[in-house]
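Student: Here the UniProt record's numbering is used: the first residue of the sequence shown is 1, the next is one more, and so on. Glycine is no exception: its CB is placed at the ideal position from the N, C-alpha and C atoms. This structure is a prediction, so every number in the text was calculated from the model and none was measured. Okay, here's the structure, questions in a sec.
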Amino acid sequence: MALHIELGATGLGAVRLTTDAVWEAVASLHVLAFPRQHAVHGRLLRRVARPTYDLSFLSALTSDPQWFPDILAPAPRLDPPHPLTQFAALQDTDEQVLRSDLEQLRQRRPGLADDLGPREYADRVAAELAQYWRDVLEPVWERVEAVTTDDLAYCGRLISRSGVARAVGEIHHELSCRDGVITVDFHRTETTVPCGPDGLWLVPSAFRWPWIAVGQQGPSTVVSYAARGSALVWESKHGRDEPDILAALLGRSRAAILGNLELPRTTTWLAGRLGLSPGTVSDHLSVLTASGLLVSHRQGRRVLYTRTPLGTDLATGAPTAWRTAT
Numbered sequence: 001m002a003l004h005i006e007l008g009a010t011g012l013g014a015v016r017l018t019t020d021a022v023w024e025a026v027a028s029l030h031v032l033a034f035p036r037q038h039a040v041h042g043r044l045l046r047r048v049a050r051p052t053y054d055l056s057f058l059s060a061l062t063s064d065p066q067w068f069p070d071i072l073a074p075a076p077r078l079d080p081p082h083p084l085t086q087f088a089a090l091q092d093t094d095e096q097v098l099r100s101d102l103e104q105l106r107q108r109r110p111g112l113a114d115d116l117g118p119r120e121y122a123d124r125v126a127a128e129l130a131q132y133w134r135d136v137l138e139p140v141w142e143r144v145e146a147v148t149t150d151d152l153a154y155c156g157r158l159i160s161r162s163g164v165a166r167a168v169g170e171i172h173h174e175l176s177c178r179d180g181v182i183t184v185d186f187h188r189t190e191t192t193v194p195c196g197p198d199g200l201w202l203v204p205s206a207f208r209w210p211w212i213a214v215g216q217q218g219p220s221t222v223v224s225y226a227a228r229g230s231a232l233v234w235e236s237k238h239g240r241d242e243p244d245i246l247a248a249l250l251g252r253s254r255a256a257i258l259g260n261l262e263l264p265r266t267t268t269w270l271a272g273r274l275g276l277s278p279g280t281v282s283d284h285l286s287v288l289t290a291s292g293l294l295v296s297h298r299q300g301r302r303v304l305y306t307r308t309p310l311g312t313d314l315a316t317g318a319p320t321a322w323r324t325a326t
C-alpha cells in the first residue's frame, strides 16, 4: 500500500530541497520512542538520562507511529535560521492547527494537554523542544548538519545528472516518482492526495533512518527521509593511527585538512580547527581538489569541502587508495 502525492500543474518544478531543525528533532524523538527500529542511533538514549525538559511530554507527542501533531510538521524554509529560532517560530503556529492538534491529543493521549489552550500548548511545545535540543542535540548538531548538508549536495547532483523523477527514486527505497506523482510506499492503505500549492519539500534527516515521514501544514507538503551516512553523527574519529605516513606524502597541513574532512566543512571551520589562516587553508584546499582528493559544493552562502572516495581511502589507509595511487 502507498501514499500517492499528485504534484499537479507545477509538476516536478515544485520539488525543493532543504533541512529543518523541527523535523530533525522530531525524528530524534522517534529514535527514543522506537529504539529497536533505529539501532544505528542507540547512543542517543544515553543523552536523556537526566533531562532538564519534560521528556514524558515530548515522548507522548511523538510516540504514536501513525500520527504526530501538525505543530511538529512546519513548512520548511529554503535558508533555515538557527534551530532555536525555528523552535521559537512554533509559537506562531496557526490557531486552527493548534486546536486540531489538541482535539487529537485529547482522543489519543487523554490528560496530556487537557488543561492547555491553543497558545499555551504552542508555547510549551516550543519551550520543551528548545531545551531538549540544547541538552541532547546541540552537542552533535554540527555533525547532524554536516550529514544532511552532504545529502542535499548528493541529491542536487542526482537531479542535475538524472532529473527530479529519477533522483526521487534514488534517495530512499520507499520513494518513487512517475507521471507527476510521487509515491511513498509506507501507508497501510492506498491513498492519493494533492500536493500543497507551494510545492513539495524533500527534507533529509540524520535521525530519520531508516524511516520516512510525510506532513502537510498549510500550502506546503513535506517528505522527510533518511539521509545518507546517518551513522556518521556518532563517528568521533576517522583516519589512520599513524598520520606521519600521510603527512610525508602530502605535507602535514594538507594531511590534517584531509583527515578532518570525513564530513563536509567550510574553509573557516578548518582554519579554526587547525590553527591556520583562512588563506592558507584555501590554498591547500585548491591543491587537494585539483588532485581529485576533495570536491566542493555550495550550500546557501557557504562553500563546503568533502573527500572524494579516493580521498577517503587515502585518509583512512584503505588498500584501494594505495592501489589507485600507484
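(1) For GLY215, list the residues DSSP reports as bridge partners.
(2) If TRP209 and ALA226 are in contact, beta carbons under 8 Å, what's the gap, nearest whole angstrom?
(3) Is TYR53 helix, strand or coil when you go by DSSP?
(4) Name the one or two DSSP bridge partners that CYS155 has.
(5) Whose CA, out of ILE212, LEU246 and ARG228, lies closest to the CA of LEU150?
(6) Quick one, are the C-beta atoms of CYS195 and LEU12 less than 8 Å apart?
(7) Assuming VAL203 is part of the beta strand (DSSP E), what are its boundary residues?
(8) Using the Cβ count rule (16 or more neighbours within 10 Å means buried), how would you classify ILE71?
(9) Let me know if HIS284 comes out buried or exposed under the rule of 16 or more other beta-carbons within 10 Å of its beta-carbon.
(10) Would you mind working out which of VAL233, VAL203 and ALA231 sits nearest VAL223, comparing C-alpha positions?
(11) Going residue by residue through the UniProt domain "HTH arsR-type" (244-319), where are the continuous beta strand (DSSP E) segments of at least 3 residues, counting only ones entirely within it?
(12) What did DSSP end up calling LEU112 once you bin it into helix, strand or coil?
(13) Tell me which same chain residues have a C-beta within less than 8 Å of the C-beta of ALA165, skipping the five on either side of it?
(14) Rounded to whole angstroms, what's the CA-CA distance from ARG47 to HIS30? Just pull it up for me.
(15) Expressed to the nearest angstrom, what Euclidean distance is found between the alpha-carbon atoms of ARG16 and GLY180?
(16) Cutting at 6 Å between CB atoms, please list the residues of its own chain near ALA73, excluding the five before and the five after it.
(17) What would DSSP say about GLY42, mapped onto helix, strand or coil?
(18) Is GLU6 helix, strand or coil by DSSP?
(19) Can you tell me which of the three DSSP states PRO210 falls into?
(20) What is the rounded straight-line gap between the Cα of TYR305 and the Cα of GLY292?
(21) Using alpha carbons as the reference points, say which of ILE171, ASP198, LEU158 and ALA153 lies closest to GLN299.
(22) Using CA coordinates, which residue listed in SER56, ARG302, ILE159 and THR267 is at the minimum distance from GLY111?
(23) Identify whether THR62 lies in helix, strand or coil by the three-state DSSP scheme.
(24) Put LEU137 into one of helix, strand or coil per three-state DSSP.
(25) Which of the three DSSP states, helix, strand or coil, is assigned to PRO35?
(26) With DSSP as the reference, identify every bridge partner of ARG77, one or two as the case may be.
(27) So the beta strand (DSSP E) VAL15 belongs to, where does it begin and stop?
(28) How far does the beta strand (DSSP E) with ARG47 in it extend, from its first residue to its last?
(29) Are ALA27 and SER220 touching if we call contact CB-CB under 8 Å?
(30) Please list, in chain order, all residues of the same chain as LEU246 whose beta carbon is under 6 Å from its beta carbon, the five residues on each side excluded.
(31) Could you check where the beta strand (DSSP E) with residue 351 kicks off and where it finishes?
(32) Going by DSSP in three states, ARG228 sits in which element: helix, strand or coil?
(33) Flag this pair as yes or no: are the beta carbons of VAL144 and GLU24 separated by less than 8 Å?
(34) Starting from THR183, trace the beta strand (DSSP E) in both directions and tell me its first and last residue.
Tutor: Working from what's here:
(1) Paired residues: VAL222.
(2) 4 Å
(3) coil
(4) In DSSP, CYS155 forms no bridge with anything.
(5) Reading off the sequence shown, one finds Asp at residue 150, where the question assumed Leu. Nearest C-alpha to ASP150: ARG228.
(6) no
(7) Element bounds for VAL203: 200-205.
(8) buried
(9) Burial call: buried.
(10) VAL203
(11) With a minimum length of 3 residues, the continuous beta strand (DSSP E) runs that stay inside the UniProt domain "HTH arsR-type" (244-319) are 294-299 and 302-307.
(12) coil
(13) LEU12, CYS177 and ARG178
(14) 14 Å
(15) 14 Å
(16) GLY215 and GLN217
(17) helix
(18) strand
(19) coil
(20) 12 Å
(21) ALA153
(22) With distances taken between Cα atoms, GLY111 lies closest to SER56.
(23) helix
(24) Note: LEU137 maps to helix in three-state DSSP.
(25) Residue state, collapsed to three classes: helix.
(26) Per DSSP, none; premise fails for ARG77.
(27) 15-17
(28) No beta strand (DSSP E) holds ARG47; DSSP gives it neither H nor E.
(29) no
(30) ALA255
(31) Summary: the structure shown does not reach residue 351, with the chain confined to residues 1 through 326, and so no result is reported for it.
(32) coil
(33) yes
(34) 181-184
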